[in-house]
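**Student:** Quick note, the sequences are listed as chains B and Z, same order. Heads up: the first sequence at position 52 corresponds to 51 in numbering that gives the first Met the number 0, and the numbers run straight through without jumps. Heads up: the second sequence at position 75 corresponds to 74 in numbering that gives the first Met the number 0, and the numbers run straight through without jumps. Just so it is clear, CB atoms sit at the ideal spot from N, CA and C, and this is done for glycine as well. Sharing a structure here in structure tokens format.
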Amino acid sequence: MPVASRVSTWLVGTVSTVQPVNEHARVIMIEVPDWPGSLPGQHLDLRLTAEDGYQAVRSYSIASFGPASRVELAVDEFPEGEVSPYLVREVRPGDLVEVRGPIGRYFVWSSDQSDPVQLIAGGSGIVPLMAIVRAHRAAGSAAPFRLIYSVRSRADALYADELESLVDEHFGLEWVYTRRAPDGAPRRPRRIDAEILASVVIAPTERPLVYVCGPTGFVETVAGTLVALGHEADRVRTERFGGA
Amino acid sequence: MTQPEPETGRRVDRLDGNAAGGPLSEIFGVDLTDAIIECRHCARSCPLAEVVVELDPDGLVMRCRGCEHQLLSYVWAGAVRRVRFPGLAGLEISED
Chain B
0 MPVASRVSTW LVGTVSTVQP VNEHARVIMI EVPDWPGSLP GQHLDLRLTA
50 EDGYQAVRSY SIASFGPASR VELAVDEFPE GEVSPYLVRE VRPGDLVEVR
100 GPIGRYFVWS SDQSDPVQLI AGGSGIVPLM AIVRAHRAAG SAAPFRLIYS
150 VRSRADALYA DELESLVDEH FGLEWVYTRR APDGAPRRPR RIDAEILASV
200 VIAPTERPLV YVCGPTGFVE TVAGTLVALG HEADRVRTER FGGA
Chain Z
0 MTQPEPETGR RVDRLDGNAA GGPLSEIFGV DLTDAIIECR HCARSCPLAE
50 VVVELDPDGL VMRCRGCEHQ LLSYVWAGAV RRVRFPGLAG LEISED
């Protein structure tokens, strides 16, 4: 699928469905008639305009991929944010939003890649990695894939059931719980650290391509630790997000 | 991670070049996230997606992840958009 490097101007989209995930997150489908399609891992800019003309723009990763005009976002609320509380609590099917994209030619995965891939998500950093995992499955790719997903608790996770259902010989899933671990979890709750990364990440000798997405602090910790563990810095791709 | 901006108390997000893709396309017309940039101060080169980007509602600043020098600033608030290139030695853009 050709995806031009030219970024579209603002396009009008219509919210088609909203689905709560938990108390602070939901999955939002937006129908964008002129959407050019997206690659797994890309994001878009979303613009809201208030009645008084005030505008706010935020970037959101896209959980879907491919040529469809329906774009899937998963939004986690930052309580002090300006845009995410609206998207999680207020926006309804039929509401209009403006989007620009797709954006991102670096934090993307293509099904012609055969290298082992290690994905590492912190919180809603799972969203672009979800698109990559879905693309890996849709392509029937035999590239070895592993995902580490760090969440406060199981209830805070996005796409938990879908991820579990995708586990097979080519896709491994490792949960890291930071606040509350379910019964039977292999570790007590703790933040991701060098010991976890050393034991769970695909070994540096296999030269995995690593994608890390999460809040800035999470990404810096993980990327720095991976390089210290012997991963090549230019094979660790990162995407950071802030509070919005 | 969000950090208060001392003068105004506004939030400034310290992110990376992925977040600059949309705004910079307003000026350059293309998605530059995979362009290779070179820092004038320390000569480090890397994909634009990997540089530090400080983003607030009025604009963004790109900094070298190696030496923290400012590479580029883009302010879009107001009637005039202003782009400056204090430390950007070059940009390499590959064809598809």
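Shorter than 9 Å from the beta carbon of B/His-23 to some beta carbon of chain Z?
**Tutor:** No - not a single Cβ of chain Z is within 9 Å of the one on B/His-23.
**Student:** Please classify B/Ala-67 as buried or exposed, where buried requires at least 16 other C-beta atoms within 10 Å of its C-beta.
**Tutor:** Exposed.
**Student:** Closest Cβ-Cβ distance between B/Thr-237 and chain Z: below 9 Å?
**Tutor:** True, the Cβ-Cβ gap to chain Z drops below 9 Å.
**Student:** With H, G and I counted as helix, E and B as strand and the rest as coil, what does DSSP make of B/Ile-191?
**Tutor:** DSSP places B/Ile-191 in coil when its eight states are reduced to three.
**Student:** Tell me, to the nearest whole angstrom, how far the beta carbon of B/Ile-125 is from that of B/Tyr-158; I am working on the premise that it is less than 8 Å.
**Tutor:** Between B/Tyr-158 and B/Ile-125 the Cβ distance is about 6 Å, and since that is below 8 Å, they are a contact.
**Student:** Would Z/Leu-54 pass as an interface residue toward chain B - the criterion being a Cβ-Cβ separation below 9 Å?
**Tutor:** Yes, contact with chain B.
**Student:** In whole angstroms, what is the alpha-carbon distance linking Z/Asp-55 and B/Pro-214?
**Tutor:** Between Z/Asp-55 and B/Pro-214, the C-alpha separation is close to 16 Å.
**Student:** For Z/Pro-5, decide whether its Cβ has a neighbour in chain B, counting only Cβ atoms nearer than 9 Å.
**Tutor:** Below a pLDDT of 50, predicted positions are generally treated as unreliable, and Z/Pro-5, at 40, falls in that range; the measurement from the model is reported next regardless. Output row for Z/Pro-5: interface = no.
**Student:** Under the three-state reduction of DSSP, which class applies to B/Ala-120: helix, strand or coil?
**Tutor:** In this structure, B/Ala-120 counts as strand in the three-state DSSP scheme.
**Student:** Give the DSSP-derived three-state secondary structure of Z/Arg-81 in the structure shown.
**Tutor:** Three-state result, Z/Arg-81: strand.
**Student:** Determine the direct distance from the alpha carbon of B/Pro-127 to that of B/Phe-240, and round the result to whole angstroms.
**Tutor:** Approximately 12 Å, taken between the alpha carbons.
**Student:** Return the chain-ordered ranges of every beta strand (DSSP E) run that is complete within the region 96 to 167 of chain B and spans a minimum of 3 residues.
**Tutor:** The region 96 to 167 of chain B contains these whole beta strand (DSSP E) runs: 116 to 121, 144 to 150.
**Student:** Give the residues of chain Z in contact with B/Val-211, contact being defined as C-beta atoms less than 9 Å apart.
**Tutor:** Near B/Val-211 there are no residues of chain Z at all, since even the closest Cβ is about 11 Å away, more than 9 Å.
**Student:** Output needed for B/Met-28: all residues of its chain with C-beta closer than 6 Å, excluding positions within five of it in sequence on either side, in chain order.
**Tutor:** Once the five neighbours on either side are set aside, the close Cβ partners of B/Met-28 are Ser-15, Thr-16, Arg-69, Glu-71.
**Student:** Which chain Z residues sit within Cβ distance under 7 Å of B/Arg-99?
**Tutor:** By Cβ distance, chain Z contributes Gly-21.
**Student:** For Z/Asp-57, which residues in chain B fall below 9 Å Cβ to Cβ?
**Tutor:** In chain order: nothing, as chain B lies at least about 11 Å away.
**Student:** Within a Cβ cutoff of 8 Å, which residues of the same chain sit near Z/Cys-41, ignoring the five residues on either side of it in sequence?
**Tutor:** Within the same chain, Z/Cys-41 has close Cβ partners Cys-63, Gly-65, Cys-66, His-68.
**Student:** Given that Z/Ser-44 touches chain B, what residues does it touch there, using C-beta distances under 8 Å?
**Tutor:** Correct list: empty, because the minimum Cβ distance to chain B is about 11 Å.
**Student:** With respect to the beta strand (DSSP E) encompassing Z/Ile-36, which residues constitute its N-terminal and C-terminal limits?
**Tutor:** Unbroken beta strand (DSSP E) run through Z/Ile-36: 35 to 38.
**Student:** Output yes or no for whether 9 Å exceeds the beta carbon distance between B/Val-175 and B/Ser-152.
**Tutor:** Not in contact: B/Val-175 and B/Ser-152 (Cβ atoms no closer than 9 Å).
**Student:** Check this for me: beta carbons of B/Ile-119 and B/Cys-212, under 9 Å apart or not?
**Tutor:** Yes, they are a contact pair.
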